[in-house]
Amino acid sequence: MSAQTLITVRGVWKFFGDFAALRDIDLEVDRGATLALLGRNGAGKTTLLRMLAALSKPSRGSITLEGGELRSEAQRRRIGVIGHGIWIYDDLTAAENLEFFASLYAIPDPQPRIDQWLEATGLARVRNSRTREFSRGMRQRLAIARAFFHEPEILLLDEPFTALDDRAAALLAGLIEKAHGEERTVLISTHQLREALALATDVAVLDRGRLAFRGPNTAELRAAPEDFYRRHTEING
Amino acid sequence: MGFLRSALAITVKDLRVELRSKEVINAALSFALVILLLFSFTFDPTGEETRAMSGGLLWLVFSFAGVLVLNRSFARETVNDCLDGLIASPVSGAALFLGKVLVNTLLLLLLELVCLPVFGVFYNVPWLGIFGQLLPVLVLGTWGLTVIGTVFSALTVNVNLRELMLPLLVFPITVPALMASVQLTTLLFNGQPVEMLWFRVLVGFDLIFTLLGLALVELVLVG
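Protein sequences, first through last, are from chains L and P. So the first sequence is numbered by this note's numbering: it starts at 1 and just counts up by one. So the second sequence is numbered by this note's numbering: it starts at 1 and just counts up by one.
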């Protein structure tokens, strides 16, 4: 583990019954890195990200943040997540949703930050409307605001561009670039190779629960990403 | 301090959602009133026997209606995967549990306060004069039911037949609290002095299972 290492995954296995969704994963992520986590459906990307988000525990092995236990409240405060669900309450307004998450993250005087995020996501006009009345794109933008709202040091983004409308996708890409500029650490799991490689500094490929590749995002890789991806996702036949 | 603030944030959020959607309170209240009405046709409201089992009747209604409230406690967090948002946040499982128990207790107490006058009219039971003594029994009995119900609501949140599972899990464990609540309520309705033994059983039950719930809920939610 180098002085720069922020996330350390050591010998992690995850079983669902007898099925091993992750097999002996060893992975280190440096502070400030943007890691694209690639792999086919069922490769274990979501399972790994859920464990990194402290939503489930490894069956074997350990995951630490700078050597500290991931599930501690102080560590969870450092993490922001966009998962498959949007984590938004339909019967609360846009502003109330952000207020609620501000209270969970104990953000003092959250109102200016709420105003700023609603403005940035184009939701200021509907801040007092219940989110069940929102279009899909508006809900997605609110989910992005919710994930970035507490200014997390680590961002875990699980298929974040899937089903986003153009506006939400542009907003998210801008925020990821900004996060990288601010030396925040980003992990993006995705199928969308070219978008991910345009943003990533590092690449990891999961194949059937195993780590098939881990390395920097090079010009060579970006030139022919499909070849690279095919080579590593067929590593086990 | 942070623990209590987090618990209260969850309580306030759930209350706000419930007051807007009225998803739980409408169903539970209608159910409770229908049972009270049906039972009133079955028994002679002026009979001594009815008075003797009035506590049991009332707590039967509160328990069944309570399960409807408790069923939705964690189930409502599955919409948009909001439960993941709570688990990933820096809020302890214990604070989440306490917040849920508080809101469930408040909703059930509200339901009980609406049902009491209806019960008084249908069964000819004077309750207003003993309300001061009855209130602690309602609060303690309801707390016992919601503590157990909230733990099992978390445990069964991803189970397909959770509506069926919850009462099967909750009622056997809450028997001591329900027995104590029934005995104390019946004594009060019949103008007899409260037996401290039942009161102690109720307080002891609440204390033990609140502490167990606070300690175990993290395991229930994250494994």
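Beta carbons: idealized from backbone N, C-alpha and C, even for Gly. From a predicted model like this one, the values you see are computed outputs, not experimental measurements.
Task: Identity of the residues DSSP links to P:W127 by a beta bridge - done: For the purposes of this step, residue 127 of chain P is taken as the residue at position 127 of the second sequence. DSSP, once it has assigned bridges, lists no residue as partnering P:W127.
Open item on the list: For the pair the stretch 18-33 of chain P and the stretch 64-83 of chain P, tell me if three or more CB-CB distances fall below 8 Å.
Closed with: With three or more CB-CB distances shorter than 8 Å, the stretch 18-33 of chain P counts as touching the stretch 64-83 of chain P.
Task: At least 3 beta-carbon pairs within less than 8 Å: the stretch 126-133 of chain P vs the stretch 149-167 of chain P - done: no
Open item on the list: Measuring CB atoms only, is the stretch 199-214 of chain L touching the stretch 17-33 of chain L, in the sense that at least three cross pairs come out at less than 8 Å?
Closed with: yes
- [ ] Please name the residue or residues paired with L:P216 in a DSSP beta bridge.
- [x] The count along the first sequence starts at 1 and reaches residue 216 of chain L at position 216. Answer is L:D202.
Task: Selected residue, minimal CA-CA separation from P:L107, among P:L155, P:N26, P:S6 and P:T156 - done: Locating residue 107 of chain P in the second sequence gives position 107, where the first residue counts as 1. Ranking P:L155, P:N26, P:S6 and P:T156 by Cα distance to P:L107 puts P:N26 first.
Task: Which listed residue (L:A204, L:R222, L:L221 and L:F213) has its alpha carbon closest to that of L:L35 - done: Your numbering for residue 35 of chain L matches position 35 in the first sequence. Residue L:A204 is the option with its Cα nearest to L:L35.
TODO: Please decide whether L:G61 counts as near chain P, where near means a Cβ-Cβ distance under 9 Å.
DONE: Walking along the first sequence from the start, residue 61 of chain L turns up at place 61. False, the Cβ-Cβ gap to chain P never drops below 9 Å.
- [ ] Could you check if L:R184 is buried or exposed, using at least 16 other CB atoms within 10 Å of its CB as the buried criterion?
- [x] As a working note, residue 184 of chain L is residue 184 in the first sequence. L:R184 comes out buried.
Task: Distance between beta carbons of L:L157 and L:I79, contact taken as under 8 Å - done: To locate residue 79 of chain L, count along the first sequence from 1; it is residue 79. To locate residue 157 of chain L, count along the first sequence from 1; it is residue 157. Going by Cβ atoms, the distance from L:I79 to L:L157 rounds to 11 Å, so no, they are not a contact pair.
TODO: Kindly indicate which three-state DSSP category P:K100 falls into: helix, strand or coil?
DONE: As a first step, residue 100 of chain P must be located in the second sequence, where it is residue number 100. Helix, per DSSP.
Task: Residues of its chain near P:W143, where Cβ-Cβ distance is below 8 Å and the 5 sequence neighbours each way are ignored - done: On the second sequence, residue 143 of chain P is found 143 positions in, with the first residue counted as 1. Only V101, T105, D206 and T210 meet the Cβ criterion.
Task: Beta-carbon neighbours of L:S56, restricted to chain P and to distances below 8 Å - done: The sequence position of residue 56 of chain L within the first sequence is 56, counting from 1. Close to L:S56, with beta-carbon spacing below 8 Å, are these residues of chain P in chain order: V222 and G223.
Open item on the list: With the cut-off set at 9 Å, would you say P:F74 and P:V157 are in Cβ contact?
Closed with: Position 74 of the second sequence, counting from 1, holds the residue named residue 74 of chain P. Position 157 of the second sequence, counting from 1, holds the residue named residue 157 of chain P. Result yes, Cβ atoms of P:F74 and P:V157 sit closer than 9 Å.
Task: Alpha carbon of L:K57 to alpha carbon of L:F16, nearest angstrom - done: Within the first sequence, residue 57 of chain L is the residue found at index 57, counting from 1. Within the first sequence, residue 16 of chain L is the residue found at index 16, counting from 1. Approximately 12 Å, taken between the alpha carbons.
Open item on the list: Is P:A88 close to chain L? Criterion is C-beta to C-beta, closer than 9 Å.
Closed with: Numbered from 1 along the second sequence, position 88 holds the residue referred to as residue 88 of chain P. Chain L, which has a Cβ nearer than 9 Å to the Cβ of P:A88, makes this yes.
Open item on the list: Once DSSP output is grouped into helix, strand and coil, what is the label at L:G44?
Closed with: Translated into positions along the first sequence, residue 44 of chain L becomes position 44. If DSSP states are grouped into helix, strand and coil, L:G44 belongs with coil.
- [ ] Scan the stretch 58-127 of chain L and note each continuous alpha helix (DSSP H) run of 4 residues or more that stays entirely inside, going in chain order.
- [x] 73-76, 94-104 and 111-120
Task: Reduced DSSP category for P:T156 - H, G, I as helix; E, B as strand; rest coil - done: On the second sequence, residue 156 of chain P is found 156 positions in, with the first residue counted as 1. Looking at P:T156 - three-state DSSP - the assignment turns out to be coil, as it is neither helix nor strand.
- [ ] Determine the extent of the alpha helix (DSSP H) in which P:K13 is found, giving its start and end residues.
- [x] Mapped onto the second sequence, residue 13 of chain P falls at position 13. Run containing P:K13: G2 to S21, per the alpha helix (DSSP H) assignment.
TODO: Tell me, please, whether the CB atom of P:A9 is closer than 9 Å to any CB atom in chain L?
DONE: For the purposes of this step, residue 9 of chain P is taken as the residue at position 9 of the second sequence. Closer than 9 Å: yes.
TODO: Using the Cα positions of L:E119 and L:T201, report the straight-line distance between them to the nearest angstrom.
DONE: For the purposes of this step, residue 119 of chain L is taken as the residue at position 119 of the first sequence. For the purposes of this step, residue 201 of chain L is taken as the residue at position 201 of the first sequence. So the two alpha carbons sit approximately 30 Å from each other.
- [ ] Answer yes or no: does any C-beta atom of chain L fall closer than 9 Å to that of P:S6?
- [x] For the purposes of this step, residue 6 of chain P is identified with residue 6 of the second sequence, where counting begins at 1. Closer than 9 Å to some Cβ of chain L, the Cβ of P:S6 qualifies, so yes.
Open item on the list: So with CB distances below 9 Å, who are the chain L contacts of P:G2?
Closed with: In the second sequence, residue 2 of chain P corresponds to position 2, counting from 1. Residues of chain L passing the Cβ test: E73 and A106.
Open item on the list: Would P:L164 and P:F171 qualify as a contact pair, given that the criterion is a beta-carbon distance under 9 Å?
Closed with: Indexing the second sequence from 1 puts residue 164 of chain P at position 164. Indexing the second sequence from 1 puts residue 171 of chain P at position 171. In this structure, P:F171 does not lie closer than 9 Å to P:L164 by Cβ.
Open item on the list: Measuring alpha carbon to alpha carbon, tell me which residue in P:P193, P:V137 and P:V203 is nearest P:F62.
Closed with: Taking the first residue of the second sequence as position 1, residue 62 of chain P is located at position 62. Of P:P193, P:V137 and P:V203, the residue nearest in Cα terms is P:V137.
Open item on the list: Between which two residues does the beta strand (DSSP E) holding L:V186 run?
Closed with: Along the first sequence, read from residue 1 onward, the residue named residue 186 of chain L stands at position 186. L:V186 -> beta strand (DSSP E) spans T185 to T190.
Task: Cutoff 9 Å: P:R16 Cβ touching any chain L Cβ - done: The residue given as residue 16 of chain P occupies position 16 in the second sequence. Output row for P:R16: interface = yes.
Open item on the list: Along the stretch 78-96 of chain L, where does the CB come closer than 8 Å to a CB of chain P? Name the residues.
Closed with: I79, V81, G83, H84, G85, I86, W87, I88, Y89, D90, D91, L92 and E96
TODO: Answer with yes or no whether the minimum CB distance from L:A219 to chain P is below 9 Å.
DONE: As a position in the first sequence, residue 219 of chain L is number 219, starting the count at 1. Not closer than 9 Å to any Cβ of chain P, the Cβ of L:A219 fails to qualify, so no.
Open item on the list: Output needed for P:P95: all residues of its chain with C-beta closer than 6 Å, excluding positions within five of it in sequence on either side, in chain order.
Closed with: The residue you call residue 95 of chain P lines up with position 95 of the second sequence. Residue 95 of chain P is actually Ala in this sequence, not Pro. Only F3, S6 and A7 meet the Cβ criterion.
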